[in-house]
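Once you know that position 154 of the sequence shown is 187 in the working numbering, the rest is easy, because the numbers rise by one and skip nothing.
In what follows, a single structure is set out as structure tokens and then discussed.
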Amino acid sequence: MSGELLEEKLRGLPLLQYVFISTDELVFSENVRYICRTECPMYGRTWACPPAVGTVEQCREKCMRFTDGLLFSTVTEVSDIADIEETLSTRAPHEEITRKVRDMAAELYGEVLTLSTEACAVCESCAYTEGKPCRHPERMFPCVESHGIIVTELAEKHGMDFFNGGNIVTWFSLILFSEKR
Ligand code: SF4
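Structure follows, in structure tokens:
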């Protein structure tokens, strides 16, 4: 089974759910990019979002260099999910876990591609807006949707829970790798 070695290492991490996928299952949608362009305030403001991540076709090519993937979720309870500041504050611990999983996957499989949630929030102000290179490329994870992938569809296809209750914030990350065969 794909990901057996990685699965061993995941045991100590506070993941809610995870599933191994084949990159053949990934659907890359121009419609998602349209939503980024017309509805997201982060469009054109960070290296982690379009257009900096490249066209949907370039993102597809980047993803399809890998054969396998791990989609996982974490959850955090907040006092009021409508409080955007409190809700977004739960991202940092999810990103920390994502970094740990990325490192585990990289140790086992070499090159990996890590996609995570929302726009990058590592720096107070993104270097992209100053026309400068990313300051922390090793810590910067483009969001899954930035690559035209609808994470909710992928999660639902695999029976993963997207809504986990009133004040529970659920975050997803997708790590792509190629298992040595
Ligand atoms: S690490 Fe900093 S410079 Fe790089 S994408 Fe994130 S916010 Fe921008």
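Yeah, the Cβ is synthetic: ideal placement off N, Cα and C, and Gly gets one too.
Relative to the C-alpha of S149, which candidate in E90, A115 and T185 has its C-alpha closest?
Minimum Cα distance to S149 is reached at T185.
Exposed or buried, what is P166 when buried is set at 16 or more other beta-carbons lying within 10 Å of its beta-carbon?
Under the 10 Å beta carbon count, P166 is surrounded by fewer than 16 other beta carbons and is classified as exposed.
Could you check the C-alpha separation between S211 and F99 for me, to the nearest Å?
Using only the alpha carbons, I get a separation of about 5 Å.
On a Cα-Cα basis, can you pick out the residue from E144, D113, K95 and F205 that is closest to E189?
With distances taken between Cα atoms, E189 lies closest to F205.
Rounded to a whole number of angstroms, what is the C-alpha to C-alpha distance between K42 and N64?
Roughly 36 Å between the two C-alpha positions.
Would you say the beta carbon of T79 comes nearer than 7 Å to a heavy atom of ligand 1?
Correct: T79 has its Cβ closer than 7 Å to ligand 1.
Coarse secondary structure for V111, derived from DSSP in three states:
Assignment of V111 by DSSP, reduced to helix, strand and coil, places it in the coil class.
Pop quiz: C82 and P175 are said to be a contact at Cβ under 8 Å. What is the actual Cβ separation, rounded to whole angstroms?
So it is a contact: roughly 7 Å between Cβ atoms.
Cβ contact (3+ pairs, closer than 8 Å) linking the stretch 155–173 and the stretch 46–64:
The count of Cβ pairs closer than 8 Å, one atom from the stretch 155–173 and one from the stretch 46–64, stays below three, leaving the stretches out of contact.
Can A125 be considered in contact with ligand 1, in the sense that its beta carbon sits closer than 7 Å to one or more heavy atoms?
Result no, Cβ not under 7 Å from ligand 1.
Tell me, to the nearest whole angstrom, how far the beta carbon of A224 is from that of T79; I am working on the premise that it is less than 8 Å.
Since the first residue of the chain shown is 34 and the last is 214, residue 224 is not available in this structure.
In the DSSP assignment, the alpha helix (DSSP H) including T131 goes from what residue to what residue?
Its alpha helix (DSSP H) spans residues R124 to Y142.
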